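Report on the following structure.
Number of protein chains: 2
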Amino acid sequence: MGTREQIVDAANRLFYEQGYEPTSFASIAEVVGISRGNFYYHFRTKDEILEAVIQARLASTREMLACWHEGAASPLERVRRFVEIVISNREDIENYGCPVGTLTNELAKLDHPLRAQAVGVFEIFRNWLREQFEALGRSADADDLALHVLTFSQGVATLLNAFGDRDYVQREVNRLNAWLTEQFSDTSHVASRGP
Amino acid sequence: MGTREQIVDAANRLFYEQGYEPTSFASIAEVVGISRGNFYYHFRTKDEILEAVIQARLASTREMLACWHEGAASPLERVRRFVEIVISNREDIENYGCPVGTLTNELAKLDHPLRAQAVGVFEIFRNWLREQFEALGRSADADDLALHVLTFSQGVATLLNAFGDRDYVQREVNRLNAWLTEQFSDTSHVASRGP
DNA sequence: GTCTATAGCTGGATAGAC
DNA sequence: GTCTATCCAGCTATAGAC
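Chains D and Y supply the protein sequences, listed in that same order. The first sequence begins at 1 in our numbering and counts up by one. The second sequence begins at 1001 in our numbering and counts up by one.
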């Protein structure tokens, strides 16, 4: 892996774990194992690193969703798979929150020019969810349903980060799965209630 | 208003708008109109200001909820009033997100010792909501319902901050109000659908 | 209580040797 | 491409005059 790629990888992780502003060149350089000066051969400013990190996240998100298309059978199962993210990524979310929501908010507070690009990751999820609901025959309110599922994921991520309560997460996942079942009269999945 | 109180007020606002880490003593001093040096008569460290800010938020939250008890008639109306916060605070949320969720997450990423105290604001809302649901006869799952309403508020706040879409907020508020109606067979409120 | 002055450090960013 | 050395601005925090 090239140095530039290593820098983007390390920055991606550190921006998530510590936040963009508190992450210094020194800490990224330490992880990668290069000197601070060497940075400026690959990136001229800190913002350029952020832009590369966002581009990497956009690409990996698209890739992940494309993978799901090959893996999961029906649109409804794909949506359920998205819902399960809060469980499969439980530990990271407990410690650092959602990578998408926390970055967009930090950039909002900083009034950062790359804020809109960071929101792009949300838009990828939103459009992908909308497509699933359209495939389920709900073209009229597909975007509304997509935003509702995103609302769930952001709410759960924030409260999991605050309280660290796994049972709560499972209850909310069950609740949303029950809602999905209700919306589409799906009998292939039975949401188990209670912890 | 005393200088110390003015400092806490200004810090409270700036920590919300810019975040804790990016807010410098200089910017707080500029707002209050005092010199940087004068700070250290009132607070020894930046963390001490944060602690005072959190204490102030705990107090003002308790005060607000106490006010609602006098104002709103029924427990259900009080819950609906909480739900409406995302509308009445729309502009701030659009620009800076939820003051509670964004601070707890920032402190989580910083691994800050005051993280638990900041979560205390969430706990006040959680306990208060739980009490309302208990008063509505749902003592068995009152805490679960309380967390669900909190999940809604955090999800909506994060996505309103990202997308800035007011119609989306109204749709989600309508959806949660319909859910409340369904839960308690309430006929005093009719959720209007659509924009 | 409030000020000025300043210490001591760390941040992002640059210059130039190799 | 990578390094060391360095600049300068900004930060938290302190000392001491008023």
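Glycine is no exception: its CB is placed at the ideal position from the N, C-alpha and C atoms. The structure displayed is predicted, hence computed values, not measured ones.
- The residue among Y:Val1032, Y:Ala1157, Y:Tyr1096 and Y:Asp1111 with its C-alpha nearest the C-alpha of aspartate 1047 of chain Y is Y:Asp1111.
- Rounded to the nearest whole angstrom, the C-alpha separation of aspartate 1141 of chain Y and serine 1153 of chain Y is 19 angstroms.
- Glycine 1137 of chain Y sits exposed, since fewer than 16 C-beta atoms from the chains shown fall within 10 Å of its C-beta.
- Close to glutamate 1172 of chain Y, with beta-carbon spacing below 8 angstroms, are these residues of chain D in chain order: Leu147, His148 and Thr151.
- Within the segment 55-88 of chain D, no residue places its CB atom closer than 9 angstroms to a CB of chain Y.
- Contact annotation: alanine 1066 of chain Y and valine 119 of chain D have beta-carbon atoms that are not nearer than 8 angstroms.
- Going by DSSP, leucine 1014 of chain Y is part of the alpha helix (DSSP H) stretching over 1003-1018.
- Closest option to arginine 80 of chain D, judged by alpha-carbon separation, among D:Gly33, D:Leu129 and D:Ser35: D:Leu129.
- Cβ neighbours of arginine 1057 of chain Y within its own chain (closer than 6 angstroms, five residues either side excluded): Val1121.
- For arginine 1044 of chain Y, there is no enclosing alpha helix (DSSP H), as DSSP marks it with neither H nor E.
- The beta-carbon separation of asparagine 1012 of chain Y and valine 1053 of chain Y, rounded to 5 angstroms, stays under the 8 angstroms limit for a contact.
- Assignment of alpha helix (DSSP H) within the segment 49-106 of chain D, counting only whole runs of 4 or more residues, yields 75-83, 85-88 and 90-96 in chain order.
- Chain-ordered, the chain Y residues with CB closer than 7 angstroms to the CB of glutamate 106 of chain D read Gly1019.
- Contact between the segment 1097-1105 of chain Y and the segment 1039-1046 of chain Y is absent: fewer than 3 CB-CB pairs across the two stretches fall below 8 angstroms.
- Against chain D, the CB of proline 1099 of chain Y has no partner CB under 8 angstroms away; the residue lies outside that interface.
- C-alpha of leucine 1160 of chain Y to C-alpha of alanine 108 of chain D: approximately 11 angstroms in a straight line.
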